[in-house]
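Visitor: From first to last, the protein sequence lines are chains A and B.
Position one of the first sequence corresponds to residue 1 (our numbering), numbered consecutively onward.
Position one of the second sequence corresponds to residue 1 (our numbering), numbered consecutively onward.
There are 2 protein chains.
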Amino acid sequence: MQYFLGVDGGGTGCRLRLSDASGRVLAEVSEGPANISTDLEGTLRNIIAGSQAALKAAGLPPSALERVSAGLGLAGVNISDSALWAGRLPFERARVVTDAWTSTRGALGESDGIVAAIGTGSVFASLRGGHYSQIGGWGFHLGDEGSGAVLGRMRLAATLRGVDGIAPLTPLGRATLADLGGAAALPGFAKDARPADYARLAPALFEDPDDPMAAAVLNTAAEDIAALIERLQEGSPLPVTWTGGLGLLWATRIGQRWPERAACGTALDGAMALAFSLREA
Amino acid sequence: MQYFLGVDGGGTGCRLRLSDASGRVLAEVSEGPANISTDLEGTLRNIIAGSQAALKAAGLPPSALERVSAGLGLAGVNISDSALWAGRLPFERARVVTDAWTSTRGALGESDGIVAAIGTGSVFASLRGGHYSQIGGWGFHLGDEGSGAVLGRMRLAATLRGVDGIAPLTPLGRATLADLGGAAALPGFAKDARPADYARLAPALFEDPDDPMAAAVLNTAAEDIAALIERLQEGSPLPVTWTGGLGLLWATRIGQRWPERAACGTALDGAMALAFSLREA
């Protein structure tokens, strides 16, 4: 009997799903963090502990690990490095990819398409004839176009341009100042703010999209997002699937520019699909 | 006999100059940091110690402090708070302003004008009929238009847009990747980089201004700078004085848009001018 394990690993925790060869789910468990780039040993430990917990929950002996094909989508993976340590995984077969790959595969299912994943950060990916491409996603300081963190920072910067008189200080700009304690408080906020702190400032832009400052920020970010999606379209249109905490807000605002398709599954579904791709011919 | 003291206080140290009523310099000394917002007590201690050292170097007794008019330009000053502690200074008369004010006054001398101070950070100020205005300077995350830190970050972000294929990957972009260890290394650099780390990446843009990526970054930053200067011009042209580590590079690139004037002094000169403004009528 062959078993299939999907691992959706992230910086705060990982989820694992075990199924039999027919796709019937035998167990689903959670474990601790799986960020390979910050803690390789801890990640390996958590993946092994989670796998054993899944076998136990399915009523299988630990030795069944030797009949498991595993698909792992992990945060912080550098694919070229993963070859060095993937041999330490206890599975019969394993394939390790980035969590962006499993999210994309989960969202698109069997179909070609583009995924715009926009939450606190952002990343853009396509599957085209089985070929995976990923662009954007360079992080808060250098990229993450249209993400909550970047939008929140743009909101504060635009407010200060209003204070300086080189852009209109709109009602949303004045509300921003009132909420954060005035212009003089903003550099201190920015000095300590993490991406999640900025991201909390982003939804207000969508709630008040006719405010001229909100409109300017959203239009700039929309063009950044559009450039990335157009790049992935490569001239031959694929439908776009919007995911992440801001995905639906962006879809409502600019989704009509491209054919659109709802997500058909999660990153854990994508990890399962990866595991099944290792099935013996 | 009246004495006049100028204090140019910064986060890494302060300089003090003592002169007599005729403007003759009696002593000039250095002391420790003077950042009011991070260490009020230490700043007061350093200013008092520096003042006493200046008197001693000039052959004057400590009691001469009571005949000193002092002009202080300090980093981290919030003018409304300074009223609360300025009374603890031992001088006959004292006035406390931001170091941006003394830099501006020093650069402009007696004349009206605009100062574009552009180094690792940036700030823009004007003196018009004795009235001081300051805009920009909101720090690396939210402003500091055209500064070394912001230019360095723009260089990395533009390089990654080149990698993603939404902008040209130019010779300077390829050199950026080679210098920093490839695209995958850039998010890690950005995660830990301080403004000074980014600022080291800025001069290369000016050295290779015909590279299309460098040109695009410099043109964007130039328009940001121009908007701030035009705002301070208020429609009636004042000459622009360029200061800071990148001031001359920017002056060469865009200085011809406005009348230009060389800096006529330093922040310490500005602090002395402030001290003399307290002279008894």
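From the three backbone atoms N, C-alpha and C, an ideal C-beta is built for every residue, glycine too.
This one's a predicted model, so the numbers in the text were calculated from it and none came from an experiment.
Residues in its own chain within less than 6 Å of G173 (chain A) by CB, not counting five upstream and five downstream?
Guide: So the qualifying residues of the chain are T159, G162 and M213.
Visitor: Taking its Cβ as the centre, do 16 or more other Cβ atoms sit within 10 Å of D192 (chain B), making it buried, or is it exposed?
Guide: That one is exposed.
Visitor: Looking at chain A, is there any beta carbon in it that lies within less than 7 Å of the beta carbon of L205 (chain B)?
Guide: No, because no Cβ of chain A sits closer than 7 Å to the Cβ of L205 (chain B).
Visitor: By the criterion of Cβ-Cβ separation under 7 Å, what are the contact partners of P187 (chain B) in chain A?
Guide: In chain order: W138, G139 and L142.
Visitor: In chain B, which residues lie less than 9 Å from D39 (chain A) when you measure between Cβ atoms?
Guide: Here the premise fails: no neighbours, minimum Cβ distance about 15 Å.
Visitor: At a CB-CB cut-off below 7 Å, which residues of chain B make contact with R231 (chain A)?
Guide: The answer, in chain order, is D164, G165 and I166.
Visitor: Please classify E260 (chain B) as buried or exposed, where buried requires at least 16 other C-beta atoms within 10 Å of its C-beta.
Guide: Burial call: exposed.
Visitor: List, in chain order, every chain A residue whose beta-carbon is nearer than 9 Å to that of A157 (chain B).
Guide: What A157 (chain B) touches in chain A: W138, H141, L142 and G143.
Visitor: I'd like to know whether the C-beta of A135 (chain A) is nearer than 7 Å to at least one C-beta of chain B.
Guide: According to the sequence provided, residue 135 (chain A) is Ile. The question's Ala does not apply to it. Output row for I135 (chain A): interface = yes.
Visitor: Work out the CA separation of G87 (chain B) and D81 (chain B) for me, nearest whole Å.
Guide: Computed Cα separation, rounded: 11 Å.
Visitor: So, for G71 (chain A): in the same chain, excluding its five sequence neighbours on each side, which residues have a beta-carbon less than 6 Å away from its beta-carbon?
Guide: Once the five neighbours on either side are set aside, the close Cβ partners of G71 (chain A) are G6, R95, A271, L274 and A275.
Visitor: I want to verify the contact list: residues of chain A whose CB lies under 8 Å from the CB of L160 (chain B), in sequence order.
Guide: Ordered by position in chain A, the residues that pass the 8 Å Cβ test against L160 (chain B) are W138, L142 and G143.
Visitor: Can you give the Cα-Cα distance for P195 (chain B) and C264 (chain A), rounded to whole angstroms?
Guide: The straight-line gap from Cα to Cα measures roughly 43 Å.
Visitor: Report the neighbours of D227 (chain B) on chain A: residues whose CB is nearer than 7 Å to its CB, in chain order.
Guide: Looking at the sequence shown, residue 227 (chain B) is not Asp but Ala. Residues of chain A passing the Cβ test: I166.
Visitor: Assuming contact is defined by CB atoms lying nearer than 7 Å, are V240 (chain B) and A75 (chain B) in contact in what I supplied?
Guide: No, they are not a contact pair.
Visitor: How many whole angstroms separate the CB atoms of D224 (chain A) and G146 (chain A), which I take to be in contact at a CB cut-off of 8 Å?
Guide: With a Cβ gap of about 6 Å, D224 (chain A) and G146 (chain A) count as contacting.
Visitor: Counting only beta-carbon separations shorter than 7 Å, does A190 (chain B) have a partner in chain A?
Guide: Yes - at least one Cβ of chain A is within 7 Å of the one on A190 (chain B).
Visitor: Please state if the CB of A58 (chain B) and the CB of A21 (chain B) are separated by a distance shorter than 7 Å.
Guide: Taking 7 Å as the Cβ cut-off, A21 (chain B) and A58 (chain B) do not qualify as a contacting pair.
Visitor: N219 (chain B) bridges to which residues according to DSSP?
Guide: Partner(s): none; N219 (chain B) has no beta bridge.
Visitor: Can you round the beta-carbon distance between A288 (chain A) and I48 (chain A) to whole angstroms, since I take them to be within the 8 Å contact cut?
Guide: An answer regarding residue 288 (chain A) cannot be provided, because it is not within the stretch 1 to 281 covered by chain A.
Visitor: Taking Cβ positions, are R67 (chain B) and Y132 (chain B) nearer each other than 7 Å?
Guide: No, the Cβ-Cβ distance between R67 (chain B) and Y132 (chain B) is not below 7 Å.
Visitor: Where does I166 (chain B) fall in DSSP's three states?
Guide: In this structure, I166 (chain B) counts as coil in the three-state DSSP scheme.
Visitor: If we require 4 or more residues per run, which alpha helix (DSSP H) segments fall completely within the region 235–271 of chain B?
Guide: The region 235–271 of chain B contains these whole alpha helix (DSSP H) runs: 247–254.
Visitor: Return yes when the Cβ of V123 (chain B) is within less than 7 Å of the Cβ of G136 (chain B), no when it is not.
Guide: Yes, the Cβ-Cβ distance between G136 (chain B) and V123 (chain B) is below 7 Å.
Visitor: Taking 7 Å as the limit between beta carbons, can you name the residues of its chain near L205 (chain A), skipping five residues before and five after?
Guide: L151, R155, A214, V217 and L218, listed in sequence order.
Visitor: Which of helix, strand or coil does DSSP assign to G46 (chain A)?
Guide: Looking at the sequence provided, one finds Asn at residue 46 (chain A) rather than Gly. Looking at N46 (chain A) - three-state DSSP - the assignment turns out to be helix.
Visitor: Beta-carbon separation of D290 (chain B) and G121 (chain B) under 7 Å?
Guide: The structure shown does not extend to residue 290 (chain B), since chain B is modelled only from 1 to 281, so the question has no answer here.
Visitor: Would you tell me roughly how many angstroms separate the C-alpha atoms of L60 (chain B) and R257 (chain B), rounded to the nearest one?
Guide: C-alpha separation (whole angstroms): 50 Å.
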